[in-house]
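The structure appears below as structure tokens.
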Amino acid sequence: KAGVTQTPRYLIKTRGQQVTLSCSPISGHRSVSWYQQTPGQGLQFLFEYFSETQRNKGNFPGRFSGRQFSNSRSEMNVSTLELGDSALYLCASSPGQISYNEQFFGPGTRLTVL
Amino acid sequence: QKEVEQNSGPLSVPEGAIASLNCTYSDRGSQSFFWYRQYSGKSPELIMSIYSNGDKEDGRFTAQLNKASQYVSLLIRDSQPSDSATYLCAVNHSGGSNYKLTFGKGTLLTMNP
Chain X
1 KAGVTQTPRY LIKTRGQQVT LSCSPISGHR SVSWYQQTPG QGLQFLFEYF SETQRNKGNF
61 PGRFSGRQFS NSRSEMNVST LELGDSALYL CASSPGQISY NEQFFGPGTR LTVL
Chain R
1001 QKEVEQNSGP LSVPEGAIAS LNCTYSDRGS QSFFWYRQYS GKSPELIMSI YSNGDKEDGR
1061 FTAQLNKASQ YVSLLIRDSQ PSDSATYLCA VNHSGGSNYK LTFGKGTLLT MNP
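Chains as they are written, first to last, in the working numbering: chain X, 1 to 114; chain R, 1001 to 1113.
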């Protein structure tokens, strides 16, 4: 079974721009979660989607948004980029059941904001 | 604020020894617990999951859970150089946050040759 894929792998943007990241989950998985990882804050939860619905959201400003398509692929968007948005953005897929929630990560997108 | 705490390390162990990694969590209603391994420059890889009190073994890895003490640990037997990585503890909370994992900041494990 193919793993989680994320595109692009690397991005360089300037302040004020916007960016869209893409994630394709493991085949058959219906839940996609997004995380931001920085050296200082570690892995922080952004949001989670299941069957095109956002089920949970972390404590990030409204500049961070996401969506999920009918084939379970997901995108996240960051508008009006700030220097502090430089991070590794990770997508994780899960079958979607509440009780277990084993999540499998993609390789990540490394975003650098200049 | 639901928290997951880990000793940041680095934890240095001799090759062939047992490495013991610890994690505590604040939400008493937490239901599922996971250990991830993350090599430098790579994404986290799920290595163990545990859902009930006691021990769970998988090869050289043993996860231990004590819900009364809100404590979960990971033992790595016969430590190898390839075990050098950051180990992340993750907890799936109860109630309205059922769909997200909260991660500790990780423990860096290194091997002494």
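Cβ atoms here follow ideal geometry from the backbone N, Cα and C, with glycine treated the same way.
No experiment lies behind these values; they were computed from the predicted model shown.
Among the candidates the options, whose CA atom is the shortest distance from the CA of residue i?
i: residue 1(X); options: 80(X), 104(X) and 51(X); result: 104(X)
i: residue 49(X); options: 39(X), 75(X) and 12(X); result: 75(X)
i: residue 1100(R); options: 106(X), 35(X), 77(X) and 83(X); result: 35(X)
i: residue 15(X); options: 109(X), 60(X), 93(X) and 81(X); result: 81(X)
i: residue 109(X); options: 67(X), 69(X), 53(X) and 38(X); result: 38(X)
i: residue 1109(R); options: 1017(R), 1004(R) and 1070(R); result: 1017(R)
i: residue 1029(R); options: 1070(R), 1062(R), 1050(R) and 1084(R); result: 1070(R)
i: residue 64(X); options: 114(X), 18(X) and 4(X); result: 18(X)
Should residue i be flagged as near chain X, meaning a C-beta pair shorter than 9 Å?
i: residue 1071(R); result: no
i: residue 1101(R); result: yes
i: residue 1009(R); result: no
i: residue 1022(R); result: no
i: residue 1065(R); result: no
i: residue 1090(R); result: yes
i: residue 1034(R); result: yes
i: residue 1054(R); result: no
Closest Cβ-Cβ distance between residue i and chain R: below 9 Å?
i: residue 11(X); result: no
What would DSSP say about residue i, mapped onto helix, strand or coil?
i: residue 1014(R); result: strand
i: residue 81(X); result: coil
i: residue 1083(R); result: helix
i: residue 17(X); result: coil
i: residue 1139(R); result: Any question about residue 1139(R) goes unanswered here, given that chain R covers just 1001 to 1113.
i: residue 73(X); result: coil
i: residue 102(X); result: coil
i: residue 1090(R); result: strand
i: residue 1022(R); result: strand
i: residue 1047(R); result: strand
i: residue 1053(R); result: coil
For the putative contact between residue i and residue j, defined by C-beta atoms under 8 Å, what is the C-beta separation to the nearest angstrom?
i: residue 1036(R); j: residue 1046(R); result: 6 Å
i: residue 1112(R); j: residue 1014(R); result: 5 Å
Beta carbons nearer than 7 Å to chain R: which residues of the stretch 75-92 of chain X have them?
Residues of the stretch 75-92 of chain X that bring their beta carbon within less than 7 Å of a beta carbon in chain R comprise 90, in sequence order.
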